[in-house]
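A short worksheet on the structure shown next.
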Amino acid sequence: MLHTMSTTVEAASERSAAEVNEEIRALWRRSGGRLTTEQRAEYQRLVMEWAAAVPQSHRAA
Numbered sequence: 001m002l003h004t005m006s007t008t009v010e011a012a013s014e015r016s017a018a019e020v021n022e023e024i025r026a027l028w029r030r031s032g033g034r035l036t037t038e039q040r041a042e043y044q045r046l047v048m049e050w051a052a053a054v055p056q057s058h059r060a061a
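In full-length UniProt numbering, the protein residues as written are 1 to 61.
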């Protein structure tokens with residue numbers, strides 16, 4: 001059976017980019033700079049959530 005991974009961010013929460021960024025920073029602090037496989041998956045999810053939360057005017061062109 002083939003499983004595919006969605007590349008879209010689901011609007012599971014209405015957190016601000018700053019809130020998500022703080023969670024990303026906390027993840028890095030807890031990991032000591034080395035992410036496990038599970039932590040990498042969490043990091044990727046958080047980055048996607050952060051990118052969706054950043055207002056369009058603040059994104060790099």
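Virtual Cβ for every residue (Gly too), placed ideally from N, Cα, C.
Among the options, nearest to residue i - alpha-carbon criterion
i      : options                           : result
Tyr-43 : Ala-53, Pro-55, Asn-21 and Val-54 : Asn-21
Residue i, DSSP secondary structure in three states
i      : result
Thr-36 : coil
Val-47 : helix
Met-1  : Interpretation of Met-1 is limited by its pLDDT of 45, a score under 50 that renders its predicted location unreliable; the figure taken from the coordinates is listed afterwards. Reduced to three states, the DSSP call for Met-1 is coil.
First through last residue of the alpha helix (DSSP H) which encompasses residue i
i      : result
Glu-14 : That residue, Glu-14, is in no alpha helix (DSSP H); it is neither H nor E in DSSP.
Residues near residue i in its chain [Cβ-Cβ closer than 7 Å; skip 5 each side]
i      : result
Ser-31 : Gln-39
Trp-50 : Ala-17, Val-20, Asn-21 and Ile-24
Own chain partners of residue i with C-beta closer than 6 Å, once the 5 adjacent residues on each side are dropped
i      : result
Ile-24 : Leu-46
Close-in-space but distant-in-sequence residues of the same chain around residue i (CB under 8 Å, 5 per side omitted)
i      : result
Leu-27 : Leu-35, Gln-39, Glu-42, Tyr-43 and Leu-46
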